[in-house]
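In the working numbering, the protein residues as written are 35 to 224.
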Ligand SMILES: CC(C)(COP(=O)(O)OP(=O)(O)OC[C@H]1O[C@@H](n2cnc3c(N)ncnc32)[C@H](O)[C@@H]1OP(=O)(O)O)[C@@H](O)C(=O)NCCC(=O)NCCS
């Protein structure tokens with residue numbers, strides 16, 4: 035089971051101050067000129083996260099959760115929102131829609147062993163393919179490196195080319211291992 039699913043314990047890591055990561059914010063300009071804020075997840079993002087799931091296709095949900103998951107229990111929601119920014123770091127991507135900032139996806143890592151964290155990404159379909167996944171990886175990896183992590187790992191479905199490409203293009207030494215319909219990806223951060 036993935037560490038990015040509710041119910042998994044996290045493991046301690048030597049870290050950059052969680053309080054710094056908790057305030058993380060950066061502005062990105064996409065190739066089409068659109069502005070996206072990549073910032074730390076906040077507890078008041080709850081409604082936006084649930085709305086983003088509702089706007090995601092079955093394929094995107096399956097690729098993220100390995101099942102078509104639209105309804106989450108309270109403990110599951112707590113898991114996704116209760117981020118300590120040390121062993122569990124979550125960033126969201128925010129764009130303006132009708133003059134209002136809206137969370138359109140995000141990425142997170144969960145430390146699974148000292149020095150090693152598992153990452154997972156999800157974006158609403160209409161915002162995929164614009165470089166936001168690549169930007170999320172860049173920012174998440176930068177936080178992970180500052181926190182002293184050495185490796186990011188991920189479990190990716192073999193047909194999930196966009197996710198595999200984001201990892202390939204991330205600029206980190208990458209290894210993959212295929213096992214039981216899952217590709218295990220490892221990125222060396224240092
Ligand atoms: C996987 C995901 C996070 C990727 O983010 P994204 O913003 O769509 O990807 P980007 O636009 O940053 O693409 C980065 C690179 O991937 C490749 N890529 C992206 N979409 C692609 C597609 N549909 N087909 C082929 N290559 C693609 C491109 O090479 C692109 O680089 P380029 O823009 O320089 O050409 C996003 O598509 C998503 O949320 N998918 C659903 C959930 C999911 O699969 N989660 C993964 C769980 S670990």
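We put the CB at the ideal spot given by N, CA and C, even for glycine.
- Around residue 130, the same chain offers 69, 136 as residues with beta carbons nearer than 8 Å, after the five sequence neighbours per side are excluded.
- Going down the chain, each residue whose beta-carbon is closer than 6 Å to a heavy atom of ligand 1 shows up: 94, 97, 98, 139, 154, 155, 156, 157, 162, 163, 164, 165, 166, 167, 168, 188, 190, 194, 195, 196, 197, 199, 200, 203.
- Within the DSSP secondary-structure output, residue 187 pairs in a beta bridge with 152, 220.
- Put simply, the stretch 119 to 128 touches the stretch 70 to 88. At least three CB pairs are less than 8 Å apart.
- 9 Å or more divides the Cβ of residue 189 from the Cβ of residue 91.
- The beta-carbon separation of residue 158 and residue 89, rounded to 5 Å, stays under the 8 Å limit for a contact.
- Around the beta carbon of residue 193, a 10 Å sphere encloses fewer than 16 other beta carbons of the protein chains shown; the residue is thus reported as exposed.
- DSSP places residue 52 within a helical segment (H, G or I) once states are collapsed to three.
- Bounds of the beta strand (DSSP E) holding residue 59 are 59 to 63.
- Here residue 84 carries a helix assignment [DSSP, helix/strand/coil].
- In the displayed model, residue 134 falls within a strand according to three-state DSSP.
- Between residue 115 and residue 141, the C-beta gap is not smaller than 9 Å, which leaves the two residues out of contact.
- The straight-line gap separating the alpha-carbon atoms of residue 176 and residue 61 is approximately 15 Å.
- DSSP places residue 202 in the uninterrupted alpha helix (DSSP H) bounded by 195 to 202.
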